[in-house]
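Participant:
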Amino acid sequence: MTYSIVALDKRRKLLGVAVISGSLAVGSRVPWAKAGIGAVATQAHTNPALGPLILEYLSQGLKAREALEKALACCRFLRKRSIP
1183 MTYSIVALDK RRKLLGVAVI SGSLAVGSRV PWAKAGIGAV ATQAHTNPAL GPLILEYLSQ
1243 GLKAREALEK ALACCRFLRK RSIP
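Here this note's numbering is used: the first residue of the sequence shown is 1183, the next is one more, and so on.
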């Protein structure tokens, strides 16, 4: 079982992402963040390319939902992915 959280403190303009799991090396596959841009967690059958891709789309000015939809549009095995 894997649990992840992405949180935003609007008042202090802080963003964070965390994960806990019984699986090995989730820190290299689940949490992704870029200062001043955003944070994302990808879990289930992870695709390590999705986190950085979503952050790249965010840095280009896309809104969160747009970045997510654009990244998932080219994703294989979509039903096995989870991006909270």
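The C-beta atom is built at its ideal place from N, Cα and C for all residues, glycine as well.
Which residues in the same chain have their Cβ closer than 6 Å to the Cβ of R1211, if we skip the five residues on either side of it in sequence?
Facilitator: Excluding positions up to five away in sequence, the list reads T1228 and P1230.
Participant: Is the beta carbon of A1223 closer than 8 Å to that of Y1239?
Facilitator: Their beta carbons are not under 8 Å apart, which means Y1239 does not touch A1223 by this criterion.
Participant: Going by Cα to Cα distance, which pick from L1232, I1236, G1218 and A1253 is closest to R1194?
Facilitator: Of L1232, I1236, G1218 and A1253, the residue nearest in Cα terms is G1218.
Participant: What is the rounded straight-line gap between the Cα of L1237 and the Cα of W1214?
Facilitator: Between L1237 and W1214, the C-alpha separation is close to 8 Å.
Participant: D1191 to A1221, Cα distance in whole Å?
Facilitator: Their backbone Cα atoms lie some 12 Å apart in a straight line.
Participant: Is the beta carbon of T1158 less than 8 Å from the beta carbon of Q1225?
Facilitator: Because the chain in this structure spans residues 1183 to 1266, residue 1158 falls outside the shown range and cannot be described.
Participant: Report the three-state DSSP secondary structure of S1206 (helix, strand or coil).
Facilitator: Sequence check: residue 1206 is Leu here, not Ser. Note: L1206 maps to coil in three-state DSSP.
Participant: What does DSSP give as the partner residue(s) for L1197 in the beta ladder?
Facilitator: Per DSSP, L1190.
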